Amino acid sequence: MAELKFTTDHEAIYIDGDTAWVGITEYAREALGDLVFVELPEIGRQVSKGDEFAVVESVKTAAEVYSPVDGEVVEANDNMEGDLELIAKPLADGGWIAKIKISDPAQLGDLMDEAAYKDYLKTLD
Amino acid sequence: MNNIPQMSSRTPQAEGSHANKGDSSHALGMTANDDNHALHYEENLLWEKERCDHPGVDLPAPAGMPLRTGQQAREDIGLPQVSEPQALRHFVRMSTWNYSIDHGFFPLGSCTMKHNPRLNEKLARLPGFAHLHPLQPESTTQGALALMYELQNWLAELTNLPGVCLSPAAGAHGELAGMMTIARAHEQKGQGAKRKIVLTPDSAHGTNPATATTCGFEVRNIPTKDTGMLTVEAFKEALYKTDPKGADIAGMMVTNPNTCGLFEKDIAVIADLLHEVGGYFYMDGANFNALVGKIRPGDFGVDVMHINLHKTFSTPHGGGGPGSGPICCTEELARYMPVPTVIKAPHLNPLPQGRGDSESVSSSAPSPHRGEGRGGGASYYYKLETNEDRPETCGRLKGFHGQFGMHVRALAYMLSHGADGLKQVSEDAVLNANYILRSLENDYHAPFAHQGPCMHEALLTDKRQKEQGVQTLDIAKALIEKGFHPMTVYFPLVVPGTMLIEPTETESKDSLDRFITAMKDIAGEAASRADAEEHFHAFPLSTPRRRLDEVKAARQPVLRWK
Chain A
10 MAELKFTTDH EAIYIDGDTA WVGITEYARE ALGDLVFVEL PEIGRQVSKG DEFAVVESVK
70 TAAEVYSPVD GEVVEANDNM EGDLELIAKP LADGGWIAKI KISDPAQLGD LMDEAAYKDY
130 LKTLD
Chain B
48 MNNIPQMSSR TPQAEGSHAN KGDSSHALGM TANDDNHALH YEENLLWEKE RCDHPGVDLP
108 APAGMPLRTG QQAREDIGLP QVSEPQALRH FVRMSTWNYS IDHGFFPLGS CTMKHNPRLN
168 EKLARLPGFA HLHPLQPEST TQGALALMYE LQNWLAELTN LPGVCLSPAA GAHGELAGMM
228 TIARAHEQKG QGAKRKIVLT PDSAHGTNPA TATTCGFEVR NIPTKDTGML TVEAFKEALY
288 KTDPKGADIA GMMVTNPNTC GLFEKDIAVI ADLLHEVGGY FYMDGANFNA LVGKIRPGDF
348 GVDVMHINLH KTFSTPHGGG GPGSGPICCT EELARYMPVP TVIKAPHLNP LPQGRGDSES
408 VSSSAPSPHR GEGRGGGASY YYKLETNEDR PETCGRLKGF HGQFGMHVRA LAYMLSHGAD
468 GLKQVSEDAV LNANYILRSL ENDYHAPFAH QGPCMHEALL TDKRQKEQGV QTLDIAKALI
528 EKGFHPMTVY FPLVVPGTML IEPTETESKD SLDRFITAMK DIAGEAASRA DAEEHFHAFP
588 LSTPRRRLDE VKAARQPVLR WK
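Chains as they are written, first to last, in this note's numbering: chain A, 10 to 134; chain B, 48 to 609.
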């Protein structure tokens, strides 16, 4: 069964079998403001956990999106380049930035579930 | 100036943006055709002038005379043909749209927009300085070189870092010079390949990680979010993260006081830990105005830093001239820094009657007649060093002497203040920032105010106003409506909705009070109006252009004028 995971850097991850669909959380979207640009990763790129693999840019700032796991970028959401509003959609509904084939499923254990992420957000303000 | 989001930056105008429909110039019944209203101008492009095909007088060449240089090659390249007064007025009218420190209060945080004393300008315009040519023989430029030498000495004294290179043309250029110096030092010691990590706090100016990356280093962030400051624990964790001995660390880049306006109180301990593992400490000197004359970065472990003459030492940020970002470094690193610096060289042909005293060319009373080969008894002369003088240098970054006009202005500023005056500069800058912080801490969220005094800039956020739908950007636009240039907004990134206010020492209490009153009024309106969100979204109302749709402008920029 698919589930949502989160990082302390506000990436949101939808786990679909051995693939992680990575996007950004609502908190991150609010902090960034309206996006003006998304730089997508190259297909086939090998990433390690914590590597920057995409950049989201708003009128306020540009922020890196980090890979939550080791793996290979298998798909990038080209639709997002033309429609930045997609980022606000649920991950499985078009809000993902890239899909990463997970090479070490054990790393998923380091990610937060929704309840843990909500608690984490409370510590930030 | 670093890559800080600024209100002063021009956003390309989005075509058909709804914000432009309320354009106040149209509301005033003006057309966009060379019209004006109450001395409030609309200005067309030169191409759009009604009569842009009327060149000045251009007589045909007299019969039988050879064509003058260039005439044969001349062809129409589509430039607008306007008369001299038309062209002059076009540019002068547009120049009046600029806002500058000469117009009013300019509290842009991290930018040190202080008054530029006119004495500096007067001295920079002295013909002996202004009319020099960079290729003149050094024997004829001894005075100018002596001035640069004197400036190097002042900067060395103020930082306690003896190696000074004046040539970098701006702060970020100085950063590049400094980090290239560090890279060169590791390379010369055979450590270049393994020392690849540069540590920066997450509150750093964006240019810091950019510079490190440009120099081939890998950037590692040190988190600071709780207190806005570096802690020894967080630093150690980053230092030993991939090597327990820190042998992969090239150095760190830290701004002190940092971008939250706070003095890094553990900086000396952190510098010692860094030095223990063989790393170098680069300090971003953007905020040196809070320290100058009070403490010397060399005393808290800095190995190399840049200084923005256009911030701390009052040379213009623009309009009147370029920036200038000299670097200062330790004796150890001095051999690696870029060339050239000005050095005193032994005289090639000392005259027998010379006193043989190295001080016989006095830097305070230089005379070109006592220079190279001119006699008068000097045993030294000033020269720009070359790669032969310093073979281990990382190279040359800038043509000729750097921004010499800025060197004149900066030294004029230092000499007119003196050592005691410079000390008062930083004291007053810090006092002014604290006056603003304490005056506004009950109106705005001030996340670090409880920790004690700030340095030369005060950090506020929109946390309270956001509850009414009024955000930092709206507050900035409301300030424009009230006649003030906004502060730096949304920087540093470690605090959401930041407003970074740097008043500098050159503002009077009266001027600070007017700004504080405007800020209090804005906070009051945000708190008391039921329609605060809508009300604030309309600002500014009285500017030639109303609020632009920044998102649309960035997503669909219109980059052609037609």
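For each residue, glycine too, the CB sits at the ideal point set by N, CA and C.
Values in this document were obtained by computation on a predicted structure and should not be read as measured data.
Pair within 7 Å by beta-carbon distance, residue i and residue j
i         : j         : result
Met226(B) : Cys262(B) : yes
Val56(A)  : Ala63(A)  : no
Ile269(B) : Phe282(B) : yes
Leu631(B) : Gly345(B) : Nothing can be reported for residue 631(B): it is not among the residues displayed for chain B, which extend from 48 to 609.
Leu49(A)  : Ile96(A)  : no
Glu311(B) : Met276(B) : yes
Glu613(B) : Val472(B) : Outside the displayed range of chain B (48 to 609) lies residue 613(B), so it cannot be described from this structure.
Thr28(A)  : Lys98(A)  : no
Val82(A)  : Ala72(A)  : no
Tyr460(B) : Asn167(B) : yes
Pro533(B) : Leu526(B) : yes
Tyr196(B) : Val389(B) : yes
Phe538(B) : Cys307(B) : no
Leu458(B) : Leu194(B) : yes
Asp92(A)  : Lys58(A)  : no
Val517(B) : Phe562(B) : no
Phe264(B) : Lys236(B) : no
Tyr36(A)  : Leu130(A) : yes
Residue closest to residue i, alpha-carbon to alpha-carbon, out of the options
i         : options                                    : result
Thr302(B) : Ala294(B), Lys292(B), Ile296(B), Ile314(B) : Ile314(B)
Pro543(B) : Ser575(B), Leu506(B), Thr564(B)            : Leu506(B)
Glu549(B) : Ala191(B), Thr590(B), Phe152(B)            : Phe152(B)
Thr440(B) : Gly210(B), Arg456(B), Glu474(B), Asp509(B) : Gly210(B)
Thr564(B) : Leu540(B), Ile483(B), Ala318(B)            : Ile483(B)
Glu284(B) : Arg267(B), Leu444(B), Asn163(B)            : Arg267(B)
Ile52(A)  : Asp122(A), Leu120(A), Gly104(A), Ala85(A)  : Ala85(A)
Gly326(B) : His101(B), Gln515(B), Gln498(B), Thr247(B) : Thr247(B)
Thr334(B) : Val316(B), Asn305(B), Glu311(B)            : One detail in the question is off: residue 334(B) reads as Asn in this sequence, not Thr. With distances taken between Cα atoms, Asn334(B) lies closest to Asn305(B).
Leu559(B) : Ala476(B), Leu380(B), Gly117(B), Asn163(B) : Ala476(B)
Tyr146(B) : Met160(B), Glu474(B), Gln518(B)            : Met160(B)
Asp201(B) : Tyr537(B), Val129(B), Ala466(B), Leu595(B) : With the sequence shown as reference, residue 201(B) is identified as Trp, and Asp is not the correct amino acid for it. Residue Ala466(B) is the option with its Cα nearest to Trp201(B).
Arg214(B) : Ser250(B), Asn355(B), Val316(B), Thr508(B) : Note that residue 214(B) corresponds to Ser in the displayed sequence, not to Arg. When only C-alpha atoms are compared, the closest one is Asn355(B).
Phe610(B) : Gln518(B), Glu514(B), Ser250(B), Leu173(B) : Outside the displayed range of chain B (48 to 609) lies residue 610(B), so it cannot be described from this structure.
Arg607(B) : Leu92(B), Ala585(B), Leu86(B)              : Leu92(B)
Pro291(B) : Thr508(B), Leu380(B), Lys524(B), Leu321(B) : Leu321(B)
Lys599(B) : Gln116(A), Glu94(A), Arg38(A), Ala124(A)   : Glu94(A)
Residue i burial status per 10 Å Cβ neighbour count (16 or more: buried)
i         : result
His454(B) : buried
Thr274(B) : exposed
Trp144(B) : exposed
Glu554(B) : buried
Ser575(B) : exposed
Ala120(B) : exposed
Met89(A)  : buried
His353(B) : buried
Arg165(B) : exposed
Ser72(B)  : Confidence at Ser72(B) is low in this model, with a pLDDT of 41, below 50, so the placement of that residue should be treated as unreliable; the coordinate-derived value is given next. Per the 10 Å Cβ criterion, buried.
Asn489(B) : exposed
Asp149(B) : exposed
Glu122(B) : exposed
Gly111(B) : exposed
Thr377(B) : buried
Sequence-distant residues of its chain with Cβ nearer than 8 Å to residue i (five each side left out)
i         : result
Pro393(B) : Ser426, Tyr427
Asn481(B) : Pro500, Cys501, Ala505
Ala318(B) : Phe328, Phe347, Gly348, Val349
Arg54(A)  : Phe62, Glu81, Val82
Contacting residues, own chain, Cβ-Cβ under 6 Å from residue i (five flanking each side not counted)
i         : result
Gln238(B) : none
Ala217(B) : Gly370, Gly372
Spatial neighbours of residue i in its chain, beta-carbon cut-off 7 Å, leaving aside the 5 residues before and after
i         : result
Ala21(A)  : Leu13, Phe15, Gly32, Ile33, Thr34, Leu100
Val68(A)  : Gly42, Asp43, Val45
Thr359(B) : Thr159, Phe335, Asn336, Val339
Ala570(B) : Asp490, Tyr491, Gln512
Glu580(B) : Gln515, Gly516, Val517
Trp94(B)  : Pro127
Practice task
Using a Cβ-Cβ cut-off of less than 8 Å, give me the residues of the region 86 to 101 of chain A that come near chain B, in sequence order.
Solution key: Within the region 86 to 101 of chain A, the residues whose Cβ lies closer than 8 Å to some Cβ of chain B are Leu93, listed in chain order.
Practice task
Taking only beta carbons into account, state which residues of the region 67 to 81 of chain A come closer than 7 Å to chain B, listed in chain order.
Solution key: Closer than 7 Å at the C-beta level to chain B, one finds these residues of the region 67 to 81 of chain A: Val68, Lys69, Thr70.
Problem - Members of the region 20 to 49 of chain A near chain B, C-beta cut-off 7 Å - result: For the region 20 to 49 of chain A, which is checked against every Cβ of chain B, the residues closer than 7 Å are Ala40, Asp43, Val45.
Problem - Members of the region 516 to 545 of chain B that neighbour chain A once the beta carbon cut-off is set at 7 Å - result: For the region 516 to 545 of chain B, the set of positions with a beta-carbon nearer than 7 Å to some beta-carbon of chain A reads Tyr537, Leu540, Pro543 in chain order.
Handout entry: Contact set between the region 582 to 599 of chain B and chain A, restricted to residues whose Cβ is under 8 Å from the partner
Key = Correct list: Glu597, Val598.
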